[in-house]
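Engineer: All residue numbers for the sequence shown refer to my numbering, where the first residue is 1 and numbers rise by one. One structure follows; several queries about it will come next.
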Amino acid sequence: MKKILILLLILGMTSIVSSATDTYTIRWIVPDTESPTWDNLRNFSVYNNSAFSESITASDPNGIDSYKLNDTGNFIINDSSGLIENTTSMSPIQIYWLQIIVNDTLNNTSYGIFYINVSEYVPPSITGFTADDMYIAYNYENIIQGDIRFNYGWEY
1 MKKILILLLI LGMTSIVSSA TDTYTIRWIV PDTESPTWDN LRNFSVYNNS AFSESITASD
61 PNGIDSYKLN DTGNFIINDS SGLIENTTSM SPIQIYWLQI IVNDTLNNTS YGIFYINVSE
121 YVPPSITGFT ADDMYIAYNY ENIIQGDIRF NYGWEY
């Protein structure tokens, strides 16, 4: 009767020990040629003079070793978490094109390109109205007695 041995080999190094009267160890190395995959590689938009703090992460069956970023003059990246933060003022209105690199524990790498669009913050404004266009509504229902007067001043 023949015996069939079925092995499920995982990526990395696997050892199998077989023994009879003598012991013999066979080692199989299953190479990992798969690069990490990006979980959330995307572009960002921020207003000038604001702080930037966002994460870009990746996954790999053997684990992630480190993250790197090409622009270390304006940004810093946490090499274990992928958290990116600005180290300089985000005051010039511009687009920062960045390259991020992730390395898995078996030295496979993935590269990604993304941008951070820094735009000017313009507060909302209401135009085209004068004081005559606006009104104040109220409901007093016998709570207030006597004359009700409103004093207001408009700046426009």
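By construction, the Cβ of each residue, glycine as well, lies at the ideal position given by its N, Cα and C atoms.
For the putative contact between TYR111 and GLN99, defined by C-beta atoms under 8 Å, what is the C-beta separation to the nearest angstrom?
Structural biologist: Confirmed, about 6 Å.
Engineer: Mind checking which residues open and close the beta strand (DSSP E) that includes SER110?
Structural biologist: 109–119
Engineer: If we require 3 or more residues per run, which beta strand (DSSP E) segments fall completely within the region 68–98?
Structural biologist: 75–77, 83–86
Engineer: Here's the rule: buried if 16 or more other CB atoms are within 10 angstroms of the residue's CB, otherwise exposed. What is PRO36?
Structural biologist: buried
Engineer: Tell me, please, whether the region 113–121 touches the region 42–49 by the rule of three or more beta-carbon pairs shorter than 8 Å.
Structural biologist: A contact exists between the region 113–121 and the region 42–49.
Engineer: Could you name the residues of the same chain whose beta carbon sits closer than 8 Å to that of GLU120, not counting the 5 residues immediately before and after it, in chain order?
Structural biologist: TYR47, ASN48, ILE93
Engineer: Spell out the partners DSSP gives ALA51 in its beta bridges.
Structural biologist: ALA51 pairs with nothing; no bridge assigned.
Engineer: Exposed or buried, what is ILE77 when buried is set at 16 or more other beta-carbons lying within 10 Å of its beta-carbon?
Structural biologist: buried
Engineer: Which residue from GLU34, THR23, ILE26, TYR24 puts its Cα closest to that of ASN108?
Structural biologist: Ranked by Cα distance from ASN108, the first of GLU34, THR23, ILE26, TYR24 is GLU34.
Engineer: Go to ILE29, then tell me how far its beta strand (DSSP E) extends in each direction, as first and last residue.
Structural biologist: 23–30
Engineer: Could you tell me whether the Cβ atoms of PHE75 and THR57 are closer together than 8 Å?
Structural biologist: no
Engineer: Using CA coordinates, which residue listed in ASN103, PRO124, THR25 is at the minimum distance from ASP65?
Structural biologist: ASN103
Engineer: Please state whether DSSP places ASP60 in a helix, a strand or coil.
Structural biologist: coil
Engineer: Can you pull the DSSP bridge partners for SER100?
Structural biologist: The sequence shown places Ile at residue 100, not Ser. Its beta-bridge partners are LEU69, GLY112.
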